[in-house]
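For what it's worth, our numbering labels the leading residue of the first sequence as 2, then goes sequentially. A virtual CB, placed ideally from N, CA and C, is assigned to each residue, including glycine. Read the structure below first, then the notes.
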Amino acid sequence: MTTFADLGVDQDIVDALAAKGIVDAFPIQEQTIPLGLPGQDIIGQAKTGTGKTFGFGIPVVQRLGLNPEPGVKALIVVPTRELAVQVYEDMDMLTQNRATSVVAIYGGKAYEGQIDQLKAGAQIVVGTPGRLIDLNNQRLLDLSNATEVVLDEADKMLDLGFLADIEKIFTKVAQVRHTQLFSATMPGPIVALARRFMSNPIHIRATDPDEGLTQANIKHLVYRAHSLDKDEVIARILQAEGRGKTVVFTRTKRAAQKLVDELNDRGFNAGAVHGDMSQESRERSMAGFKAGKKDVLIATDVAARGIDVDDVTHVINHTIPDDEKTYLHRAGRTGRAGKTGIAVTFVDWDDLHKWALINRALEFGQPEPVETYSSSPHLFSDLDIPAGTKGRIATAPRTQAVRTQPERAADAAAEGSTEAGSRRRRRRRTGSGGEQVGSTFAEGTDAAAAGAPEASGTSTERAADGAGTHDGAGREHHDGKPAPARRRRRRRGAGGGAPTAPAGA
DNA sequence: AAAAAAG
């Protein structure tokens, strides 16, 4: 194992990491830190939950020196306010033993505190585009000395919705600078676009030669949701034994609000995060979820990228996302730092084409919808949901605690899996009627490019030379434990509906 | 097309 000290990281930063129990570097960190420290421009690609933040953050801190002059020297731009808070916290941790201060600049909050910190001489700014430009226009944020610039979730930042803002920001920062772009997904066209803002960048992809397109330690279950009462099923999943924190993604803000209200009505303690909420409420939900006070978070794609919460065991796509990149980022809220996780996706009738797209891009290899939901015990058994013998999926009693379901546990214990399966088979059509579209347990690569993924091993190449649609990064452990063995597990028997057990589970 | 991001 390579330690951060081995990589040439300053002792005070090594100490700050060690105080958090972090000693060994993850693959993406091993590859990018030695290049970032001397100022090489980098496009860094590694899978979700594999340590990209420190990959760019450590060089940023170290390059500013032990006692940087007051004033903004580094700018890290992120796509959402919650991610700004999170990256701010990471950078704040890295700088705790040196005279460098960090400030988070984002909207939905009072200007005052942010302006005060800037006036006090903060050197590192982490922020979202709108407020950054706002303060820059007001001449309260001088970026002209920002010689360290990072775009986190870079492909998103260079997406149409953000591109104009990013272009503007690049005209404001120092023109001779160190630029780093990081993301789990980096489609070829975006890499090409990115070069406009960089100087002779190197494209680092921390990938395992045997890897497929998705994270090895995330198990994927995909169900057709035709005429399925998704609220019921989700409520049922939330009662599963062994479930840790769970994030449920919806397509719209309204759907998120409706679901969180519904779940809370049913007695769960759920929180929501979406753009129609006040920033205060958003942050309260996130904090409650991180602290474990709420173990269910209902979110729009505002929470799809970057958000790092320990022990998220399940991600549920209430609605299938539109593209494979979003799918990958959503699923990536679980299975972080080497842990295992399960991603469950419900595919509505009108969304089958989206599943086809994602299935192809991520190489799940599930050709057609196969088993019906009710004939397959797999969702239930894999999630360890009590099987029950009622004809429909049960609802959590209002007053019941989310995870303590003694009767259901007893129910489940009383039921052998084979028997449960046949019982469910008999129940089909009288049940909820959902159908399993596919279930897979793939591993591996990133699906940045919907097109042809190249099988690449750990690779380093000039960004100039290639489509670079891969991502990849091995598993990594911030807790210093060895990464679980990675094995490519392709499609188990054609049409095989039975999902496998989660890797390492 | 939705969501995000300034207020």
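- About 6 angstroms separates the beta carbons of Ala185 and Gly333, which is inside the 8 angstroms limit, making them a contact pair.
- Of the residues assessed, Arg197 falls on the exposed side of the cut-off, its CB having fewer than 16 other CB atoms within 10 angstroms.
- With a cut-off of 8 angstroms on Cβ pairs, the region 237-254 is in contact with the region 295-306, counting three or more such pairs.
- Counting the other Cβ atoms within 10 Å of the Cβ of Asn68 gives fewer than 16, which makes it exposed.
- For Gly37, the enclosing alpha helix (DSSP H) starts and ends at Pro28 to Gly37.
- Unbroken alpha helix (DSSP H) runs of no fewer than 4 residues, entirely contained in the region 237-316, are found at 254-266 and 280-292, following chain order.
- Taking every protein chain shown into account, the CB of Lys294 has fewer than 16 other CB atoms within 10 angstroms, so this residue is exposed.
- Each of Ala357, Arg99, Gly245 and Met158 was checked against the Cα of Glu70, and the nearest Cα belongs to Arg99.
- In this structure, Pro80 lies near Thr129, with their beta-carbon atoms less than 8 angstroms apart.
- In this structure, the straight-line span from the alpha carbon of Thr51 to that of Leu229 is close to 35 angstroms.
- Around the beta carbon of Trp350, fewer than 16 other beta carbons sit within 10 angstroms, so the residue counts as exposed.
- By the C-beta density criterion, Pro39 is exposed, having fewer than 16 other C-beta atoms within 10 angstroms.
- With contacts defined as CB atoms closer than 8 angstroms, Val223 and Thr346 qualify as a contacting pair.
- Three or more beta-carbon pairs drawn from the region 152-165 and the region 179-194 are found closer than 8 angstroms, and the two stretches are therefore classed as touching.
- When only Cα atoms are considered, Ala300 and Asp277 end up about 11 angstroms apart.
- At a Cβ-Cβ threshold of 8 angstroms, Val150 and Arg178 count as neighbours.
- With fewer than 16 other Cβ atoms inside 10 Å of its own Cβ, Glu168 counts as exposed.
- By the Cβ-count criterion, Gln240 is buried, with 16 or more other Cβ atoms from all chains shown falling within 10 Å of its own Cβ.
- Under the DSSP definition of a beta bridge, Gln181 partners with Ile43 and Val151.
- With 16 or more other Cβ atoms inside 10 Å of its own Cβ, Leu18 counts as buried.
- Counting only the Cα atoms, Ala292 lies some 26 angstroms from Thr327.
- Under the three-state reduction of DSSP output, Lys220 falls in the strand class.
- Per DSSP, reduced to three states, the secondary structure at Gly333 is coil, with no helix or strand assignment.
- Between the alpha carbons of Ala357 and Val234 lies a gap of roughly 23 angstroms.
- Non-local beta-carbon contacts of Ala6 in its own chain, meaning distances under 8 angstroms to residues more than five positions away in sequence, involve Gln12 and Val15 in chain order.
- Distance check between Gln216 and each of Arg337, Ala257 and Met94 places Arg337 closest, using alpha-carbon atoms only.
- In this structure, DSSP gives His354 a helical state, which the three-state scheme calls helix.
- For Ala121 and Ser279, the gap between their C-alpha atoms comes out near 28 angstroms.
- The C-beta of Arg237 has 16 or more other C-beta atoms within 10 Å across all chains shown, which makes the residue buried.
- In the DSSP assignment, Ile343 falls within the unbroken beta strand (DSSP E) covering Gly342 to Val348.
- Annotated three-state conformation of Asp25 is strand, per DSSP.
- DSSP places Arg64 within a helical segment (H, G or I) once states are collapsed to three.
- Shown here, Val88 sits in a helix according to DSSP, grouped into three states.
- Per DSSP, reduced to three states, the secondary structure at Ala362 is helical.
- Taken atom to atom, the span from the alpha-carbon of Gln258 to that of Ala273 is near 7 angstroms.
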